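Here is the structure we will look at, set down as structure tokens.
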């Protein structure tokens, strides 16, 4: 064991050295001088890691590169598997249920909370990372800690936000030099955009990312929410009704057809120049900017992002999709798994990864707000505070099976869609959503 | 070796006297002579496959339907709770009626057009085999690919149909194929019909070709019109094939998943959810395995009813032979 600790120490030295080298090339991430918790990496440890597949090439390439660096520095063999986004949940479930397979899973937001009794306590490394890197954002704490406790069951690695994506010239033409920050002006802007033939379009079909992103922003902006802190279903409220009335007014300004939009639809419409405003992750901007078609690429200059406006509730209410890493208790090498997760979040690795992935997974640790990625291209600054300005699906209750089921069953999306289409009044829709949610939030 | 042997003649004195060997067969040989054993041996692989890949999942599904299993934890037996909860769920009933409508409308369409196509293909036309091969294409293309093609065809912004109609000056707006409940349902039915026609047409064509031409000759001699020939010769003779094809087609359509999942995911506001897509949505992404299994199990009575109807309703001998029912 001694020999291995020594080797670990050597590795740490090498790590610091390379950290220094890499950091020289990147922005200075402010860090506090905090000692890493002592983790005796097990002799002959090997780790299998599962995470979602890339959305851009550098995402996977650098993740693998960082993992390999950990492997060579600490003498731990690491294998990273990449699963398709829709396959990741079932694979995580199988891993959790069978106690076999990957040691570390970089899963979706909810997963560590569903398997809270099957994952390692990560409080020591989470505290260390928090202290070293300026603290965790509030949403990161919500994602990482078991509800109502201070026990960390996951390391949130990043969040993908959905701010407004708009055509600057068209918004200017509509009389807005800066993007509106409140819902009234936002409605006015959308009306003007419609008049000038560059309407907005927000997804309300069964699109898991975009529709939930839009509909929950809307609901929360007016103070509506699915449940309160005690998991009591409170969706049938006057705040919800207000949100739905606003939604109906906003829907009148949309491009036709959004009721059937799936996740790619708004991207296609924006790229085709059919819409002037939508809501999306940063990937849309980069796919336009890096398009092989010069006409599309030219559009990037006119594209900009802004936080979604703040409603009567008075605070930001966006949704962030997060990747949330957990280490399973069934691993034979718990210390190696924890050391690996901590290593991946350290500046030389993390900043490199986030920067080259264009900030798609925005940082959960405040110090990384100083990263070069947010300075290089001011147009993506709206994504910087993703973990600061967002709420979690399941707000204001815990993340659990019921909250996951309500989201997957499109309860809020259907509520908004049925009002938009005129099939239900806001009051009826809120009542129906309450009925559906109560099927999962049983007393 | 002696010379005699080399010459092919074995001297009698040297040959071993032939004896009836009463050597006991080995236990293994005896085992293989046992008919029961052989039957079991030969059936095991097939039965094993059926048990592992059909009976077990079906049984597990049945069990899950009576539990509150979630993804990530095995459930406990809850009796009929899932079914009771579904019984009071409007969206479940919407999916049931959607499925019934989808199956009925698509089946009628597929059989009408498929039979028509089969009758056309049964004539002597130039490039017959080539045309028959082309007809099969919609069926050969993987469903998801054709579903994605239809997704583009029905796109609210980029639909080729809207584009062409606009170019011809017939309309001046894009058709919202999937945005309103009935548009979406009919659009999906149309896509399903397009996919299902080849199966029906080619199967019925095979049936048509087994009908002896002498029957038609006899009918013509009796002065039967072409409608009468179809009604009293073709249709009754085709009925056994028709009933089998109908059964299969109804089963495939009732359990359809891919088209709806790829094109609408059950939207807008659940207007196109089929039982299969709702079962998946709640069971896998929603994590409510028990409820998803209960929805899947609720499909079984419908499927059994459809099968029984085709078998006992359409495959009656007398009816096929042109006689009146008893």
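Protein chains in written order, with this note's numbering: chain A, 109 to 551; chain B, 0 to 325.
For glycine and all other residues, C-beta sits at the position ideal for the given N, C-alpha and C.
Given the structure is predicted, the values throughout are model-derived calculations rather than measurements.
Discussion item. Using only the alpha-carbon positions, how far apart do residue 383(A) and residue 470(A) sit?
Written reply: In the first chain, the residue the question calls residue 383(A) occupies position 275. In the first chain, the residue the question calls residue 470(A) occupies position 362. Each residue's alpha carbon lies about 26 Å from the other.
Worksheet entry | Cutoff 7 Å; reference residue 173(B); Cβ partners in own chain excluding five residues on either side | One-based indexing of the second chain puts residue 173(B) at position 174. Closer than 7 Å at the Cβ level, and outside the excluded window around residue 173(B), lie 155, 156, 158, 161.
Practice prompt. Check the Cβ of residue 513(A) against every Cβ in chain B and list those closer than 8 Å, keeping chain order.
Written response: Counting from one through the first chain, the residue named residue 513(A) turns up at place 405. The contacting residues are 281, 285, 286, 287.
Discussion item. Can you tell me which residues form a DSSP beta bridge with residue 242(B)?
Written reply: On the second chain, residue 242(B) is found 243 positions in, with the first residue counted as 1. Looking at the DSSP assignment, residue 242(B) forms no beta bridge with any residue, so it has no partner.
Practice prompt. Return the residues of the segment 214-237 of chain A that lie within a Cβ-Cβ distance of less than 7 Å from chain B, sorted by chain order.
Written response: 222, 223
Discussion item. Please report the straight-line C-alpha distance between residue 82(A) and residue 85(B), rounded to a whole angstrom.
Written reply: Past the edges of chain A, shown from 109 to 551, lies residue 82(A), and the structure says nothing about it.
Fill in: Cβ pair residue 332(A), residue 368(A) closer than 7 Å
Taking the first residue of the first chain as 1, we reach residue 332(A) at position 224. Taking the first residue of the first chain as 1, we reach residue 368(A) at position 260. Against a cut-off of 7 Å, the Cβ pair of residue 368(A) and residue 332(A) comes out as no contact.
Practice prompt. Pull out every residue of the segment 253-282 of chain B whose Cβ sits closer than 7 Å to any Cβ of chain A, in chain order.
Written response: 263, 264, 265, 266, 267, 268, 269, 280, 281
Worksheet item: Using 8 Å as the threshold, is the segment 263-276 of chain A in touch with the segment 370-388 of chain A, meaning 3 or more CB pairs across them?
Response: yes
Discussion item. According to DSSP, is residue 534(A) part of a helix, a strand, or is it coil?
Written reply: As a working mapping, residue 534(A) is identified with position 426 in the first chain. Helix, per DSSP.
Worksheet entry | Neighbour list for residue 155(B) in chain A, Cβ cutoff strictly below 7 Å | Locating residue 155(B) in the second chain gives position 156, counting from the first residue. Here the neighbours are 364, 365, 368.
Fill in: Beta-carbon gap between residue 323(A) and residue 521(A) smaller than 7 Å
Taking the first chain and counting its residues from 1, the one referred to as residue 323(A) is at position 215. Taking the first chain and counting its residues from 1, the one referred to as residue 521(A) is at position 413. Contact: yes.
Discussion item. At a CB distance below 9 Å, what residues from the segment 182-205 of chain A approach chain B? Give them in sequence order.
Written reply: 194, 197, 198, 200, 201, 204, 205
Worksheet item: Is the CB of residue 509(A) under 7 Å away from at least one CB in chain E?
Response: Within the model displayed, chain E is absent; protein chains A and B are what it includes.
Discussion item. Within 7 Å of any Cβ in chain A, is that where the Cβ of residue 306(B) sits?
Written reply: Taking the second chain and counting its residues from 1, the one referred to as residue 306(B) is at position 307. Answer no: the Cβ-Cβ gap between residue 306(B) and chain A never drops below 7 Å.
Worksheet item: What number of angstroms, rounded off, separates the C-alpha of residue 515(A) from the C-alpha of residue 228(B)?
Response: For the purposes of this step, residue 515(A) is identified with residue 407 of the first chain, where counting begins at 1. For the purposes of this step, residue 228(B) is identified with residue 229 of the second chain, where counting begins at 1. Cα to Cα, residue 515(A) sits roughly 58 Å from residue 228(B).
Worksheet item: Which ranges does the alpha helix (DSSP H) cover as unbroken runs of at least 4 residues, wholly within the segment 437-513 of chain A, from first to last along the chain?
Response: 442-453, 455-464, 481-484, 494-497
Worksheet entry | Assumed close pair residue 472(A), residue 266(A) - CB separation to whole angstroms, cut-off 8 Å | Numbered from 1 along the first chain, position 364 holds the residue referred to as residue 472(A). Numbered from 1 along the first chain, position 158 holds the residue referred to as residue 266(A). Going by Cβ atoms, the distance from residue 472(A) to residue 266(A) rounds to 6 Å, so yes, they are a contact pair.
Worksheet item: residue 386(A) bridges to which residues according to DSSP?
Response: Taking the first chain and counting its residues from 1, the one referred to as residue 386(A) is at position 278. Answer by DSSP bridge pairing, in chain order: 273(A).
Worksheet entry | 7 Å Cβ cutoff, residue 69(B) in contact with chain A | Within the second chain, residue 69(B) is the residue found at index 70, counting from 1. Residue 69(B) counts as touching chain A.
Discussion item. Quick check: is the beta carbon of residue 313(A) nearer than 7 Å to any beta carbon in chain B?
Written reply: Locating residue 313(A) in the first chain gives position 205, counting from the first residue. Interface residue, yes.
Worksheet entry | Beta-carbon contacts of residue 371(A) that lie in its chain and below 6 Å, excluding the five residues immediately before and after | Counted from its first residue, the first chain places residue 371(A) at position 263. The residues are 315, 317, 318.
Discussion item. Quick check on DSSP: helix, strand or coil for residue 89(B)?
Written reply: Position 90 of the second chain, counted from the start, is the residue given in the question as residue 89(B). Residue 89(B) falls in the helix class under three-state DSSP.
Worksheet item: DSSP beta-bridge partners for residue 156(A)?
Response: Your numbering for residue 156(A) matches position 48 in the first chain. Answer is 187(A).
Worksheet entry | Alpha carbon of residue 109(B) to alpha carbon of residue 301(B), nearest angstrom | Residue 109(B) sits at position 110 when you count from the first residue of the second chain. Residue 301(B) sits at position 302 when you count from the first residue of the second chain. Going from the Cα of residue 109(B) to the Cα of residue 301(B) covers about 20 Å.
Item to complete: Determine the contact status of residue 145(A) and residue 284(A), defining contact as a CB-CB distance below 7 Å.
Response: For the purposes of this step, residue 145(A) is taken as the residue at position 37 of the first chain. For the purposes of this step, residue 284(A) is taken as the residue at position 176 of the first chain. Not closer than 7 Å, so no.
Worksheet item: At a Cβ cut of 9 Å, what residues of the segment 61-93 of chain B count as close to chain A, listed as they run along the chain?
Response: 69, 70, 71, 72, 73, 84, 87, 88, 89, 90
Discussion item. Alpha carbons only, please: which of 56(B), 121(B), 88(B) is nearest the one belonging to residue 345(B)?
Written reply: Missing from the structure shown is residue 345(B); chain B here goes from 0 to 325 and no further.
Item to complete: Please report the residue range of the beta strand (DSSP E) in which residue 426(A) lies.
Response: By one-based count along the first chain, residue 426(A) stands at place 318. 426-435 is the span of the beta strand (DSSP E), which, as asked, contains residue 426(A).
Item to complete: Check whether the Cβ atoms of residue 155(A) and residue 444(A) sit closer than 7 Å, and answer yes or no.
Response: On the first chain, residue 155(A) is found 47 positions in, with the first residue counted as 1. On the first chain, residue 444(A) is found 336 positions in, with the first residue counted as 1. The answer is yes: Cβ separation under 7 Å.
Worksheet item: With burial defined as no fewer than 16 other Cβ atoms inside 10 Å of the residue's Cβ, what is the status of residue 208(A): buried or exposed?
Response: Along the first chain, one-based indexing puts residue 208(A) at 100. Looking at its Cβ environment, which holds fewer than 16 other Cβ atoms inside 10 Å, residue 208(A) is exposed.
Worksheet item: Is the Cβ-Cβ distance between residue 447(A) and residue 149(A) less than 7 Å?
Response: The residue labelled residue 447(A) in the question sits at position 339 within the first chain. The residue labelled residue 149(A) in the question sits at position 41 within the first chain. Yes, these two residues count as a Cβ contact at 7 Å.
Worksheet item: Could you give the residue range of the beta strand (DSSP E) that holds residue 237(A)?
Response: One-based indexing of the first chain puts residue 237(A) at position 129. Careful: residue 237(A) lies outside any beta strand (DSSP E), inside the alpha helix (DSSP H) at 231-240.
Worksheet item: Within 7 Å (strictly less), CB to CB, does residue 171(B) reach chain A?
Response: Working through the second chain from its first residue, we reach residue 171(B) at position 172. Output row for residue 171(B): interface = no.
Item to complete: With DSSP collapsed to three states, give me the class of residue 266(A).
Response: Stepping through the first chain from its first residue, residue 266(A) is reached at position 158. Looking at residue 266(A) - three-state DSSP - the assignment turns out to be strand.
Worksheet item: In its own chain, which residues sit with a C-beta less than 6 Å from the C-beta of residue 512(A), not counting the 5 before and 5 after it?
Response: By 1-based counting over the first chain, the position of residue 512(A) is 404. Closer than 6 Å at Cβ, skipping near neighbours: 218.
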